[in-house]
Every structure is written in C-alpha cells, then in structure tokens.
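Below is one structure, written out as structure tokens; comments come after it.
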Amino acid sequence: MTDSKYFTTTKKGEIFELKTELNSDKKEKKREAVKKVIASMTVGKDVSALFPDVINCMQTDNVELKKLVYLYLMNYAKSQPDMAIMAVNTFVKDCEDPNPLIRALAVRTMGCIRVEKITEYLCEPLRKCMKDEDPYVRKTAAVCVAKLYDMNPQLVEEQGFVELLNDLLSDANPMVVANAVAALSEINEAKPLIEVNSQMVNKLLTALNECTEWGQVFILDALSGYAPRDEREAQNICERISPRLAHANAAVVLSTVKVLMKLIEMLPADSEFIASLTKKLAPPMVTLLSAEPEIQYVALRNINLIVQKRPDILKQEMKVFFVKYNDPIYVKMEKLDVMIRLAQQSNIAQVLSELKEYATEVDVDFVRKSVRAIGRCAIKVEQSAERCVATLLELIQTKVNYVVQEAVVVIKDIFRKYPNRYESIISTLCENLDTLDEPEARASMIWIIGEYAERIDNADELLESFVDGFHDENTQVQLQLLTSVVKLFLKRPTDTQQLVQRVLSLATQDSDNPDLRDRGYIYWRLLSADPAAAKQVVLAEKPLISEETDLLEPSLLDQLVCHIGSLASVYHKPPSSFVDNTKAPLRQLAPNAAALATNGSSSGDMDSAPGLIGVPAPSGGAVPSQDTLIADLLQLDMNPMGGSSAAAPAAPVAAPGGGLDDLLGLGGGAPSYGAAPAAPMADPLAAWGAAPAPPAAAGGGLNDLFGLGGGGGGMGGVMGGVQGFQTPKTQWLDAASHKGLQLEGAVVRKNGAIYMEMAITNKAMQPLSDFAIQFNKNSFGLVPAQPLHIAAPVFPNQTTQVSLRLDTNGPVQKMDPLANVQIAMKNNVDVFYFATVVPMLVYFAEDGMMEKREFLELWKEIPEANEQQFTIMNNRGLSADDICSKLQANNVFTVARRSVDGQELLYHSIKYTNKIVVLSELKMEITGAPTLTLSLKSRHVTALANLNEMYQQIFDN
Amino acid sequence: AMIGGLFVYNHKGEVLICRLFRDDLTRDAVNAFRVNVIHARQQVRSPVNLIGRVSFVHRKTDGVWLVAASRKDANAAAMVEVLRRIAITMHSYFGKLTEEAIRSNFVLIYELLDELIDFGYPQLTDPSVLKTYIMQSGVKAVTQEEQKQITSQVTGQISWRREGIKYRRNELFIDVVEHVNLLMSAQGQVLSAHVAGRVLMKSFLSGMPECKLGINDKLSFKDSSRIAVGSSSLARVSVAIDDLQFDQCVRLGKFETEHAISFIPPDGSCELMKYRTTSDIKLPFRVIPLVREVSKSKMEIKVVLKADFKPNLIGQKIEVRIPVPPNTSGVSVICMKGKAKYKSGDNAIVWKMKRLAGGKEVQCSAEVDLLTFGNANRKWNRPPVSINFEVPFAPSGFKVRYLKVFESKLNYSDHDVIKWVRYMGRSGIYETRC
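Residue numbers (full-length UniProt numbering), protein chains in the order written: chain Z, 1 to 957; chain B, 1 to 434.
This is the structure in structure tokens:
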C-alpha cells in the first residue's frame, strides 16, 4: 500500500468528507484522513477549515499520526491563532513524556508555531528541555531558542535563554554544543548579545573534533566571526582547524577555507607558517572539482574569489581547470573564468591552445566567452599578445558570425592596450564589416575606424555607410558613431565637414535620447568654440587599460572572502544586496557604491580605462572646483556605455535654456577654455540643469558656429584670442616605480590664482588614500594654499581629478632652473618625491599693466646688459591683434604699439607675483615674415629665465 | 546553513513535497521557482539562482527537482551538500527518486525531513542512523532502553555505530576503486590526468573495534623508520597523494599529527577515504585517433587502442566511443577485435570488447558517409573519443600496507580477523581529442 492515492482526491465535497473521516472513531480511518489532509496541503490546497478536527487527533499514542498533526499545525496555526491554543496542553504534556523522542518532537514543533500567545506557554517547557538529561532533547531545545528569538527576541532576552544557550556551549555532547553555537550565532547576528571570547573558542575547537559534519560547519561558521587577540592565537586556531580540510563534506571544507583565509590576514605575510598553510589549501579545493557538478560550481565561484585574493595558492593548478567535454555549461563558464585569472607567461601557451579549442565548441555563450578570454590573455600577458592576435584572426577567418563579432570587440581592447602595434589587421576587420549586427561589435568597429581614421583611406565612406542608418542603430552605436565622426573630422577636416554636420544634427535635433543629444551639443560647442581644444579633448591620449579588467573591487573582495561558501560568494555580491537586512544587521560595512558600479563592465566603455567608469560623485559638502566639473562632464561624455550611474544625468534633458556658451562657460571671455563661470557650483549636474539652452539656437547655422563661412580667417583664429594658455598635464610620477601611484599634473593660472591640477590614478591593487602634499622652498615661494583634500580613497584603476589652490607666500629659495619646484607627495603606501618646472606664466600677476611713461622710464633705466634677445616663430601666422589678445589673456599686458618702417613694435609688461617686473618688446615684419624678435629686459636678469619659451608656447596655442 | 524551505517537484513543476522551515518564506517561493526555473523558456544555467530575494539551490535527479530555498546569506555549499544527502537518504529508504516513489512515501519523507533539518539547520543526514528510529512501515515500539540508545547514538560521538554488535566470524573487505581521468590532445600530449580513488570498506566486526589503516603514500613512508627515506626503491613503491578526504569515522586530528588513519568503522559498508593523485599515473589505455575528412560527403576514421599494462593482467568491459558528425548517413566499420556498431542516436560508433590483455594493440577503422544538404554543412566540432574500461590494478600505484583491528573488550585479536583486499581501476572521464 502506498501513500500516493492521497493525492488523487479532488472532489468537491472533499472537505466535508474529510471532516467526517477525521472525527471517525476508527483510528485507522483517522490516520488515513490526516494523510489526505497533508497531501492536500502539500499541493497547495487550503485545508485550514479542518483545523479543529485535525487538532482533535493530536492526543494519540501513535507517533506517526502525531507527527502528521504537528506538521499540519505548523502550517496553519498562524491563520487560526485562537484555536492553536487548544494544542498547548498537549505540547506541555508531551514535553514531559518519558520518551525523549516525543519530548524533542514536542519542543521542536512548538517552536515552529508562530503564534504570540503560544510563545508564552513555550518558555517553561523549553527551559526544562534545555536541561533535559537526554542530549537529543537538549540539541533540539537549543535550536528552539533560535526559533523563539525569531518570533519574540525580547522574550528570549528577558527569560534568560541566551545565558542558557551559552551554558550549553560547555555541554558534554558535541552535537548540543554545535546546535547551541548555531543558535547563538544567529541571535548574535541580529543583536550582539554574547561576545565570542577565546574561552568559548577553545570549547568550540574541542567540540569540532567530535561532532557531526553539520555541527562542524556551524562551529566553523561561528569561528569565522571571531577575531583572535594576537598572532599566536590565530596560528593556534589555524593549526587546530586545518585537519578539517580533509573532510569529505564540501561544506566543511569550504567553511574551513573561509576561516583560514580570514586568519591568514592576521599573520605576518612572509612567515613559513603561511607558506605551509597555503600549500595545504590548494589540494582540497582541487578535489572539490571532482565532486558532482553542483558542488563544483559552488567551489569554482569561491575559487574565483580565492585566486583574486591570493593568486599564489592555485597558480600551479592550471590544468585542473581545463574544460571537459561533458562538463555542464555552468561549470565550463566558471572554469574559463578561473583559467584566465591563472593565466601567466609560463602557462600561456597551454591556455591559448585550450581557448582555441573551446572557441570551436557548440554552446554560443561559451564560445563567445572563450573568444573574449583570448583577448584578455593578450591584454594580461604582453608576450602572448601577438599569438593571441594571430589566433583571433584565425577565428575571424572561420566567418562564424558570433565569433567574428566577439573577436572584433576584443581586438578593440587590444588596440587600446597596445597602440600602434597591430593596426595592420584593420583591413581584415574591415572586410567583415557587413557581418557585424550586434551593437557592441558595431560600436567597437566604429571606434576602431574613428581611432585610426588617418590610416584607413575610406574611413569617411565606412562611417558614412553607418550614418545612413543612424536612427536604426542602438544608442551605444549612435554614441560611438558620433564620437568617431568627430575624430575623423578633427583628423581630416577638409573633406569631412558635411559628414560631421550631418551627424551632429542627427544627434542633436533628430534624437530623443538625452545622452546622445548632450554629447552632440558638447562636440558641437567644442568644435565651434575652439577646434584646437576640441582636438585636445577628443583626440587626447587615452589612459591604458589595465591587465585585469574584471577584478572585484578590493573591499568587496575582502568582504566576500569572509563569506566563502555562502550564497554571497556564489553571487559575488555582498549579502546586503540580496538579503533583507531589516532584521539582521550586516556583519560588515556596505562597500563603496561607486566601486560596485565598476565591476563587471569590462569593455563596455571605449575611451577610458575600464575601471574609470564609476567616477566617484563629489562627496556631500565638498565644492568641486571648476576643473573637476569640466573633467566630470567630459568623463561623463566619454563613458555613456558603461551604464553606470555617472552616465545618467537626468537634468539636462529638461533644460534647453539659453546659450550653449554657458554650458561650457566658453563664451563670456573667460580666460581659459576650461573655466566655468566664476561662481563655484555645488553640483555639476545642477549646473547643467540650470543652464538655459534652446536647441533651436544651435540650429541657426553651422557655418557661423564653426567660423567656416566667411571672414573667420581659418578655424584656429576665432576663439584663440581670449584664452590663457595652460600647459597640459605631464606625468610626474609613474605607477611602475611609485607603488602604483600615477600622478599627472600641471600648474596653471586661472581666475587670478594658481592651481595645481592633478590626475591621480591608482594602478595598484589596493585603494590609495591619505594623500598629503608638501613643497620645498622655491624661487617664488609657491606653497599649497590649503591642505590637499581627497575625500574618497582612489580605488584601483580609478582616476581622481584634484585641483589644489596654490599661494606664493611660502619660504623662498632660488632654484635652478628658476621655476623648479620640489614636491613631496604622501599616501597610505609611501612618500614620493618629484620635481617639476612650473611654467613661468603662472606667476604673471593680474596687476602687471604699466603706464606708458612708467614703462619708458624703466626701459631706459635698465642697463643694456640686462637685455636679452630671442627669435620667436610665428607658426600660426598671428596678426599683431591676435598676439596682443593672446598675451593679454596670460597677463602679459600691452603697453603700447608702434608701426615703424614696415615693422610693428609691441611693448608689453609683466609683473611676477613677487613684484619683479619684466618689460618686453616684440618686433614683427608687417609683410608677415614668420619670425618675431623678442627683447626682454628686467632689473633682475635671472627673472628672464625661459620667458621666451613661454611666449613661444602662448603663440603656438 | 539556514535553509528556509525544501521543495520537491516533478518534471512538470507540480509540487510533491513542500516543507517550510522558516517564516520568511511563503508558498510564493514555491511558485517562483516553478515559473522561473522549471518553466523557464531559456535553459537555466546555474544550480544556484536568485529570484526576487530568495535563493534557490537545486539538483535534478530522475526527472525530480530537489530544491532548497533561503532568504538569508545561507551556506551555499551546505545547501548543495544537504540536497545530495537528502537524495542519498531517500534512495536508501525507497530506491530511485521517481515521482511515484516520492508520492508513495510522502509521509515518510516529511518525517525524515524533520530529522534531517531543524529550522533550516541540517542535523542528521546519515541514513544508517536514521534507519534505527525512522522506519518505512511506521514507528516500531521501542523500549525505554532502546530509546535512550537511539538518542545517544544520534547525538553521540560515534553516531555511526551502535554498541553490542556481534559476529561469529570477524571479517572485513577492502576495495580500492580508482577512477582514472584523462584529457589527451590529438597529438598525444597529456593535457590533464588524475586519479580519483576511493577506499571502500565492508566490515563485519564485533564490538567497537579500533582500526588502523596503513597505505603507501609518500608522507606516511617518511614517518615510518624502517624504510630509509630517499632510497631509490622508494619512488616506485610509494605514491604521492595530492589530497585525502576521510569519512567522518576517521580521526582527522590524528592523521594530521601522526599520519595514522585510525577509526572505529561503521557496521557494514562505508567509503573510508577518498584520495586524488596526479603524478606518475599509469594510464592503462592509449587511444590514437585519426580522422580524415576525405570530402564533404565522406570521412575516414581510424582508432588505435593500446593496452599499456602488464601482459598477465586483463582489461575488461572496454567500450570506445568514437564520435561521428550528426549528418552521418551511413557507416561501414571494421575492427580487429570485439564488436563495433554505429549508433545513430548517440552520433557515435561504439566499439566494445569484453576483454583485452595487457600489451595488446587493436584497431578499428570506419568509413563515414555524410549528408550534404540542408544545414548539414554546419561545422562539426569533433567531440573527443572516450573510453570506458575496468582493469584489475590501481593505476595510481596506491597500496594498502596493512589494516589492523584492535578490540580490547572482546577476546578476538587482529589475527582472527579475515581480511580481503581488492584493487580496481576504472575509467572516469577518459578522453582523447581528435
């Protein structure tokens, strides 16, 4: 006789029939009826109407029937709380039963009945059961405390159950200890009531050797929350738990690994003990890979974390991650990930030949991932790049559609990593243009065309063919197309004007996508305002992409390592992201949100380093300097594909207000292209929103905007006059020899003050923080006006832009060269020293304008010996007016102008911040000869320093 | 741990068993899994899935879905492992996990789940112990003495063995079963190879016998003073074991400190230890495949099989699977030994031999006709040639050196115990690419 027949009754009068049967006098019939009820309950039918009838069956000697009734009770007590009280007496009685199995059953079930009133009656029986002579009852009672706490934490605290649990940790029976620690851990997670101390840890370690496998898991999980007092204790715990690595239960093994990984952090990194411990860690993890696939999967997800945290542990084990033909796809995908993480020069040949093999498999996702992996190998192991590229080309020859597309995407990354090395293959790529139908592949191809427009003869035709179907493209492709056409225009302005105009108007006028429109306007404005600047921005040298593109952000990784074996480690997400923590607070702080945004999006973005996507938003109160504002805007512009939060400025859509000029602050005679209106803005996005800019205004006439129409005198001439020259950033510290800190910077003058603009890039593995800066004595007394303040740590692969205001009131000491400044930069890793020659023009004061007479007198007064003459090239064919306005913008003030004998003579005055005055005379032939003669005079000859170079730079920019 | 609920579905997604352990889960979760995984349009690709805020871990056996769900950051490894144990437990109670078997035993299953998991914490997953107090045919009336014994055994230190066992003949059997796994490139290069070995023990011993097992692994040898370390013979007689795992009866601490495998065995059979080796594996067979695509419609395949072991040993149950493209229309096959047949359903030629002595080399060649119309010219990705076999030795070189039995209370000694040891090598995943 089987029980399956109970599932078959579906008649209408079923409930009524069951009621009669439940109330039958015959025991056998009763039991049958209860079974039917449970079967109905299992399939989801509502049998709560039978509550009183089922409860009536509770008082029975038949344990099987009792268990069934209890099962029913657990399910329906909540919906019938008043009736549930009827069961209390039986429970209390059962808790006194001579049979320990019945006592345990009663206390176990009672804890599962989630009715407020019942909990009160539960306390006394529970207390008794916790001190029961039978360990089976005690271990059940221990878990019951956790159940009660889940319903009524206050009651548990008041009734002293936590202390009782604590006592059970000293129980002679290891299973009681294990369950008590599980219950305590759960309570502690909600509210730390009992502190885990070393005494308790000792008890747990003792019980660990004797209890069941699951008990071992509870104990190990509890141990992972304990922070040992010192190294010795940590080492002791390691020694005592490491034998568990040989356990057959995967959960025991992984929990052991978790505790060990955590404790290793406490021990000196180079100790022999660590070496021997890490040696022990590899074999059990490899063994998990011969377990069944579900366990392999969990193990692989964890191994992925472990190799990121400690690459050494498994570096010799590459082969075990080779994919087997019959592995389930989820195992294959994970193995591939780990393989790439372990790839290095010594094993790259093997890895590549495997990947090539995989790229011919059947599963599309797996093949794609394999192709992508080949690209990642190229980026990770430079020596293999050539072979990888060759392999990718071979794969492209297969003409398998998705393989080709995937290959194009990774080749784009390879170009980013190794510029000017493999461009010879572009022609092969172009041959496959037509087969690309996925947005990412199309966007990548378009990026390649734009980036190498000067080498692809028909780049304009190729891009034009994409532009024809502009509105049918995915946004990602549209954005890339826009950028690439602008690049093309900047590289080949003569024959691509029409194309760029067409794309700009498509993007700004015919598109509903705010990102696209904004990017369109930015380019438009940039091109119209100052093509030279546009060139600097659009064709700027891109930061190299880093080797490991999809590493987890370090603080998240550290957090996940504390959760090895748990669901968090499988998802690679912090528990807070998938667990309601309304009841249970987190063990650890939530990770940096910006950092989270970075992971996983490895190649979505093309013009910036992958890690750069999550540009940290300016923190709360800090007022971003105007320059960071611009930097943010531009980064925003370049990163639309990352899909990160930074790339979603909602405000601009709603704000088509005044002149586009205002958007970038280029219009109103601001001294530099990078400077926004003088008032600092609290929030860059708010600034966007506030700027009124009707798109219609822009539609007015491209010709005018570009200054191409008439009288503009060439592209360069229009805006050049009003800008002060700012030297571009140069590299001050390189990452390789400065522990991962890369510093690029420039000292510039804007709005009457000197700023040090810095881009701090973290190429190390851990976040950089605690930045500080100090200047040595220097010729102009240049010192920071305020301490260097960087709000958030700079995470790996991130770049932070800082603008530090400088003053010239510091201690003075003459340097050679004059403008040399020695600087010390400190961070959490080390102190670094460097020197930079500050461009003299940052010292040109705003009040340097001189009266003609004053100038003349001084000119005469200064002896001939103090005069120096230079030849300056007028490379850009500037007119006298151009020259004057350019110099004016840099605080070189025009005192007088004269025309004599076909020569134009311009007199200028400069005043340094330290009040030293320099006079200059510029001779230029009216015929427009390309050379100018510059005479400089000052009382202090040294002050002339390299001023001629400054002039040259001003003229050239 | 902290499993929120446990569900069993049939292949259609109908609920067979639904046991909620925690209040944070409702029946909505039961439906969520059905809709998002069982009925999902696309094949679900991971055994762990997050749906809403509920995590589901599943395994599928014989058309039945076993699912553990949790709303917490539960121990995923434990969830997977528990599901495995539940499957094993149910199997040992009523055989195959079919829909019918589960429906027929649902009361028993609920009862078992009650013992297996409490409030989401796994408690006891050892069927041999569970069977002492949960019976398929109702609960047996037990005396108070017996009840006590049950609870102390369930919770006790040696939960796997009850006291008072008596045999007239004390006997034990040890099977060393090794699975050889190989991945070989078409060029004959070993890409990866490992042996997954198991020591299975079946014991019929009286009382609570203390056992000690000696094996020839390199580490144990170093500790034994009788054999000089570094002697040239050592390399051949000992094996380097990469990793060892023991049954819960083995005292792990003692192995760590003294390299002694000591234990009180459960009565009857148990998997005493598992091990893994990767170096110096004696690969019993070598497959040399040759595939020649003569034309679009014709292909020639030749497979040579070499038995690489001593001629006095005999390999058995040899089965070579030679893959052919799905568009195969006909195969003519000739083999020197055994029988070879084309199996269209498997897209493979299956070549079987009952026995093959060591040192022998045999060959099988086939001509494959291919269809060329339709999507038949899709690329064929050449799955590897795989082979199944059984050989009467341990390919890793693993040896049991001794197994001593001590029972201080009863009067039988180690000499009185009859012991049997048997070695067997089997194919795991044994593949050669072609």
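Note that beta-carbon positions come from the ideal geometry of N, C-alpha and C, so glycine has one too.
By Cβ distance, which residues of its chain are closer than 8 Å to residue 733(Z), with the 5 residues on each side in sequence left out?
741, 742, 743, 825, 832, 834
Contact criterion: CB-CB distance below 8 Å. Does residue 403(Z) meet it with respect to chain B?
no
DSSP beta-bridge partners for residue 322(B)?
349(B)
So if I threshold CB-CB distances at 9 Å, which residues from the segment 374 to 405 of chain B count as touching chain Z?
Residues passing the 9 Å Cβ filter: 379, 381, 382, 383, 384, 386.
Touch test, the segment 62 to 74 of chain B against the segment 20 to 31 of chain B, Cβ-Cβ under 8 Å, three pairs minimum:
yes
Would residue 391(B) and residue 313(B) qualify as a contact pair, given that the criterion is a beta-carbon distance under 8 Å?
yes
Residues of chain Z with a CB under 7 Å from the CB of residue 50(B): which are they?
571, 578
At least one CB of chain Z closer than 8 Å to the CB of residue 239(B): is that the case?
no
Please specify which runs of the alpha helix (DSSP H), each continuous and at least 4 residues long, are wholly inside the segment 157 to 229 of chain B, giving them in chain order.
Complete alpha helix (DSSP H) runs here, min 4: 218 to 223.
Are any of the Cβ atoms in chain Z nearer than 8 Å to that of residue 253(B)?
yes
Just reading off the beta strand (DSSP E) that residue 777(Z) is part of, what are its end residues?
From DSSP, residue 777(Z) is part of no beta strand (DSSP E); its letter is neither H nor E.
Within 10 Å of its beta-carbon, does residue 247(B) have 16 or more other beta-carbons around it, so buried, or fewer, so exposed?
buried
Using the DSSP secondary-structure output, state which residues sit across from residue 822(Z) in a beta bridge.
Under DSSP, residue 822(Z) forms a beta bridge with 835(Z).
Please list, in chain order, the chain B residues whose beta carbon lies closer than 8 Å to that of residue 244(Z).
252
With a cut-off of 8 Å, do at least 3 Cβ pairs link the segment 121 to 138 of chain Z to the segment 168 to 188 of chain Z?
yes
Bridge-paired residues (DSSP) for residue 425(Z):
In the DSSP output, where bridge partners are listed per residue, residue 425(Z) has none listed.
Listed from N- to C-terminal order along the chain, which residues in the segment 187 to 209 of chain B have their beta-carbon within a distance smaller than 8 Å of any beta-carbon of chain Z?
191, 192, 194, 196
Check whether the Cβ atoms of residue 295(Z) and residue 277(Z) lie closer than 8 Å to each other.
no
Taking 8 Å as the CB-CB limit, is residue 744(Z) close to chain B?
no
Which same chain residues, not among the five before or five after residue 241(Z), have their C-beta less than 8 Å away from its C-beta?
205, 208, 220, 223, 256, 259, 260
For residue 429(B), which residues of its own chain have a beta-carbon under 6 Å away from its beta-carbon, when the five flanking residues on both sides are left out?
181
For a cutoff of 8 Å on Cβ pairs, would you count residue 815(Z) as touching chain B?
no
Proximal residues, the segment 120 to 144 of chain Z versus chain B, C-beta separation under 7 Å:
Cβ contacts with chain B: 134, 135, 136, 139, 140, 143.
Who does residue 59(B) pair with in a DSSP beta bridge?
66(B)
Per DSSP, what are the beta-bridge partners of residue 295(B) in this structure?
298(B)
So, under 8 Å CB-CB, residue 3(Z) and residue 92(B) are touching, yes? Tell me the CB distance rounded to an integer number of Å.
Incorrect: roughly 18 Å between the Cβ atoms, too far for contact.
Name the residues in the segment 269 to 289 of chain Z whose C-beta lies less than 7 Å from a C-beta of chain C; which are they?
The chain inventory of the structure shown lacks chain C, comprising the protein chains Z and B.
Exposed or buried, which one is residue 432(B) when buried takes at least 16 other CB atoms within 10 Å?
The residue is buried, with at least 16 neighbouring Cβ atoms inside 10 Å.
Please report the residue range of the alpha helix (DSSP H) in which residue 361(Z) lies.
Where residue 361(Z) is concerned, there is no enclosing alpha helix (DSSP H), given that its DSSP letter is neither H nor E.
Residues near residue 184(B) in its chain [Cβ-Cβ closer than 6 Å; skip 5 each side]:
Leaving aside the five residues that flank residue 184(B) on each side, the residues in its chain whose CB is nearer than 6 Å to its CB run, in chain order, 190, 432.
Three-pair Cβ contact test at 8 Å for the segment 413 to 428 of chain B versus the segment 166 to 175 of chain B
yes
List, in order along the chain, the chain B residues whose C-beta lies closer than 9 Å to that of residue 962(Z)?
Not covered by the structure: residue 962(Z). The range shown for chain Z is 1 to 957.
Give, in chain order, every residue of the segment 142 to 153 of chain B whose Cβ lies closer than 9 Å to some Cβ of chain Z.
142, 144, 147, 148, 150, 151, 152
DSSP state of residue 289(B) mapped onto helix, strand, coil:
strand
Determine the chain B residues that contact residue 175(Z) at a beta-carbon separation under 7 Å, and present them in chain order.
Per Cβ cutoff of 7 Å: 155.
Take residue 696(Z) and list the residues in its own chain whose beta-carbon comes closer than 6 Å to its own, dropping the five residues that flank it on each side.
Reliability fails at residue 696(Z), whose pLDDT of 37 lies under 50, so the model's placement of it is uncertain and no value is given.
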